[in-house]
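> Provided herewith is a single structure, encoded as structure tokens, for subsequent inquiry.
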Amino acid sequence: MSRAANAPRSPFIAPAWITIASIVGLVSALVGDGVFDAISWLVFGSLVGLFIRAWIKRERKR
Amino acid sequence: MQRSTLKAWFLVHKWTSLVCTVFLLLLCVTGLPLVFWEEIGHLTGADPDVAPAAVGAQPQNLDDLVNQALSQYPGDVPLFFGWDDHSPSVYVNTGARPDTPPPEMNTAILHQYTGEVLPAAQFNEGVMYFIYRLHTDVFVGLPGMLFLGAMALLFAVAIVSGVVLYGPFMRKLSFGTLRTGRSRRLAWLDLHNVLGIVTLGWAFVVGITGAINTLAKPLEQAWQTEQLGEFAKRYEGRPRPATFASLDAAVATARAAEPGMTPAFVSFPGTGYSGDHHYGVFMHGNTPLTERLYRPVLIDVETGEVTARPQLPGYMTTLLLSQPLHFGDYGGIVLKVLWALLDLLTIAVLVSGLYLWFKRGSTEARVTEIERSGLTAEAGVAR
Chain R
125 MSRAANAPRS PFIAPAWITI ASIVGLVSAL VGDGVFDAIS WLVFGSLVGL
175 FIRAWIKRER KR
Chain A
1127 MQRSTLKAWF LVHKWTSLVC TVFLLLLCVT GLPLVFWEEI GHLTGADPDV
1177 APAAVGAQPQ NLDDLVNQAL SQYPGDVPLF FGWDDHSPSV YVNTGARPDT
1227 PPPEMNTAIL HQYTGEVLPA AQFNEGVMYF IYRLHTDVFV GLPGMLFLGA
1277 MALLFAVAIV SGVVLYGPFM RKLSFGTLRT GRSRRLAWLD LHNVLGIVTL
1327 GWAFVVGITG AINTLAKPLE QAWQTEQLGE FAKRYEGRPR PATFASLDAA
1377 VATARAAEPG MTPAFVSFPG TGYSGDHHYG VFMHGNTPLT ERLYRPVLID
1427 VETGEVTARP QLPGYMTTLL LSQPLHFGDY GGIVLKVLWA LLDLLTIAVL
1477 VSGLYLWFKR GSTEARVTEI ERSGLTAEAG VAR
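Each protein sequence line maps, in turn, to chains R and A. Residue 125 is where the first sequence starts when you use my numbering, and the numbers rise one by one after that. Residue 1127 is where the second sequence starts when you use my numbering, and the numbers rise one by one after that.
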């Protein structure tokens, strides 16, 4: 296994991607209609989806 | 991260959150119906359904529309005239005097093509206006707005400090970890973290743009003093004209001066938006971005000629662009629904934060918990 694969992933990777995606989503619908609106919907829908996924996969047992 | 640094960030997160949470809850709860203000207005009948213009029909003369509106409110003077971009209707704000503040204004909605006065509720009355005032200034005007702006800034600091604490807490955990089978407190802590990170970018931008919006009045006043004051000086010592040139002709002149744009609204002399001697015809573009960016065309109310077409200063552009980013009204009903869902998730972040504060132990224990990703002895304690 490579050294890179063994390196621990930074816990800030997910927040960084979420921030970038949120900015894209916020700006997209402002730039234009049609496909630009759809990009915003996709981004924010995915964010809500991330929470739903976490809730479905929650650890219920001790 | 050193324990002392972690402790400092923990205290920043704790106190900035504590101070702003109750007010943020108020803003999030009142903001929820405001996202759907337009739809609620149509459903309740507060906003009239406007019949489409007949084929080949021509818009009514604007001066006639203003006179029609004034006939509804005898003794009033015209303040603002505006177009609805989504229906063939126009609005006319009137008031007892030229500097009538918005809460005291009267409004008439008219069909642009028939001149008919449409049965519409006043914008400054009713449940939605009550919620709006609660959301923007808690009924105390500028001090209330600035206070809520300060709370929004504290919220932004709480978000940043929360992200800093998220790093060491999640060091040994996968993204999206929700441990609901151990202690109740750990479940709420994980929920707080997951929701906080999912809403991170959205909540930060909506918070910051909300803070910018609270500066609307001071920024508008600065713009009026600086830029409009410059043009007003040319008319120093001259009384405000008693009779005005045709509004219809003034708007036509402004259209000719800015051919790529359409008029959004017109301010009458004395309203503070165009001095005492001008119509301010505020032109805008037709894309989601350019429809927010106004270009004022100042028309002399006596001669009907263009005096100036000043560019809005950078701070006014920032203010105007921050409005859609706060309201979420620029991507159709789907974006509004998603905006509302993210608002609900933010409410859950605030509530979970309050729960964690009520169930707090010592600061040292909480810092240790963050260092150990919540894998403390308490994690295994029964609910």
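Positions of the beta carbon are idealized from the N, C-alpha and C atoms, including for glycine.
Compare the Cα-Cα distances from D1202(A) to each of A1222(A), I1425(A) and F1281(A) and report the closest residue.
Answer by Cα proximity: A1222(A).
> Alpha carbon to alpha carbon, what distance is there between Q1350(A) and P1224(A)?
Rounded to the nearest angstrom, the two C-alpha atoms are 15 Å apart.
> Helix, strand or coil for H1403(A), going by three-state DSSP, please let me know.
Reduced to three states, the DSSP call for H1403(A) is coil.
> For L1341(A) and K181(R), what's the separation of their Cα atoms in angstroms?
Roughly 43 Å between the two C-alpha positions.
> Distance cutoff 8 Å, beta carbons only. Does V159(R) sit that close to anything in chain A?
No, no contact with chain A.
> Using the beta-carbon count (16 or more within 10 Å), is H1168(A) buried or exposed?
The residue is exposed, with fewer than 16 neighbouring Cβ atoms inside 10 Å.
> Write down the C-beta distance between G1401(A) and L1354(A) rounded to the nearest angstrom, noting that I regard them as a contact closer than 8 Å.
Between L1354(A) and G1401(A) the Cβ distance is about 5 Å, and since that is below 8 Å, they are a contact.
> On the three-state DSSP scale, how would you describe R1305(A)?
Note: R1305(A) maps to strand in three-state DSSP.
> List the residues of chain R that V1493(A) touches, going by C-beta distances under 7 Å, in chain order.
Near V1493(A) there are no residues of chain R at all, since even the closest Cβ is about 17 Å away, more than 7 Å.
> Between the alpha carbons of M1231(A) and F1249(A), how many angstroms are there, rounded?
Cα to Cα, the separation comes out at about 9 Å.
> Within a Cβ cutoff of 7 Å, which residues of the same chain sit near L1299(A), ignoring the five residues on either side of it in sequence?
If we look at L1299(A) and ignore the five residues flanking it on each side, its Cβ neighbours are S1499.
> If you compare alpha carbons, which of G1241(A), V1332(A), G1288(A) and A1284(A) is closest to C1154(A)?
It is V1332(A).
> Taking the alpha carbon of F1391(A) as the point to measure from, which residue in P1422(A), A1371(A) and R1364(A) has its own alpha carbon closest?
Residue P1422(A) is the option with its Cα nearest to F1391(A).
> Can you name the start and end residues of the beta strand (DSSP E) that P1228(A) belongs to?
No beta strand (DSSP E) contains P1228(A), which DSSP labels as neither H nor E.
> DSSP state of V1181(A), grouped into three classes?
The answer is coil: DSSP assigns V1181(A) none of H, G, I, E or B.
> CB-CB under 7 Å to W1163(A), same chain, minus the five flanking residues each way: which ones, in chain order?
Within the same chain, W1163(A) has close Cβ partners M1254.
> Spell out a yes or no on whether the region 140-148 of chain R and the region 164-171 of chain R are touching, meaning 3 or more CB-CB pairs, one atom from each, closer than 8 Å.
Touching, per the Cβ criterion.
> Taking only three categories from DSSP, how would you classify V1145(A)?
V1145(A) falls in the helix class under three-state DSSP.
> F1301(A) versus chain R: which residues are under 7 Å apart at the beta carbon?
In chain order: A138.
> Using a Cβ distance threshold of 8 Å, determine whether the region 1135-1152 of chain A contacts the region 1468-1477 of chain A, with at least three qualifying pairs required.
Touching, per the Cβ criterion.
> If you drop the 5 nearest sequence neighbours on each side, which residues of the same chain put their C-beta closer than 8 Å to that of L1451(A)?
Excluding residues within five positions, the ones whose Cβ falls inside 8 Å are V1331, V1332 and T1335.
> Pull out every residue of the region 1395-1421 of chain A whose Cβ sits closer than 9 Å to any Cβ of chain R, in chain order.
Within the region 1395-1421 of chain A, the residues whose Cβ lies closer than 9 Å to some Cβ of chain R are T1413, P1414, L1415 and R1418, listed in chain order.
> Could you confirm whether any beta carbon from chain R is found closer than 8 Å to the beta carbon of Y1481(A)?
Chain R contact via Cβ: absent.
> For S1448(A) versus A1284(A), is the C-beta spacing smaller than 8 Å?
Not in contact: S1448(A) and A1284(A) (Cβ atoms no closer than 8 Å).
> Determine the contact status of A1234(A) and P1174(A), defining contact as a CB-CB distance below 8 Å.
Contact flag unset, no.
> What residues in its chain sit with their C-beta under 8 Å from that of V1320(A), if we drop five residues either side in the sequence?
The residues are G1302, T1303 and L1304.
> Which bits of chain R does R1297(A) rub up against, with CB to CB less than 7 Å?
Under the 7 Å cutoff, chain R gives P135.
> Within 8 Å (strictly less), CB to CB, does R1311(A) reach chain R?
For R1311(A), the answer is no, since every Cβ of chain R falls outside 8 Å of its Cβ.
> Looking only at DSSP bridge pairs, what is I1235(A) linked to?
In DSSP, I1235(A) forms a bridge with Y1217(A) and L1244(A).
> Are the C-beta of T1142(A) and some C-beta of chain R separated by less than 8 Å?
False, the Cβ-Cβ gap to chain R never drops below 8 Å.
> From G1252(A) to S134(R), what distance separates their C-alpha atoms?
G1252(A) and S134(R): Cα-Cα distance of roughly 51 Å.
> Quick check: what's the CA-CA separation for Y1420(A) versus L1461(A)?
Whole-angstrom Cα-Cα distance: 24 Å.
> Check the DSSP bridge columns for A1434(A) and list the partner residues they point to.
DSSP output for A1434(A) lists L1424(A) as bridge partner(s).
> Against chain R, with Cβ distances strictly below 8 Å, would R1129(A) count as a contact?
Closer than 8 Å: no.
> Under 8 Å: do the region 150-170 of chain R and the region 1258-1275 of chain A share three or more Cβ pairs, one atom per stretch?
No: the two stretches stay apart, fewer than three of their Cβ pairs being nearer than 8 Å.
> Entirely within the region 1346-1399 of chain A and at least 4 residues each: give me those alpha helix (DSSP H) ranges in chain order.
Those alpha helix (DSSP H) runs which fall completely within the region 1346-1399 of chain A and span 4+ residues are 1355-1358 and 1373-1383.
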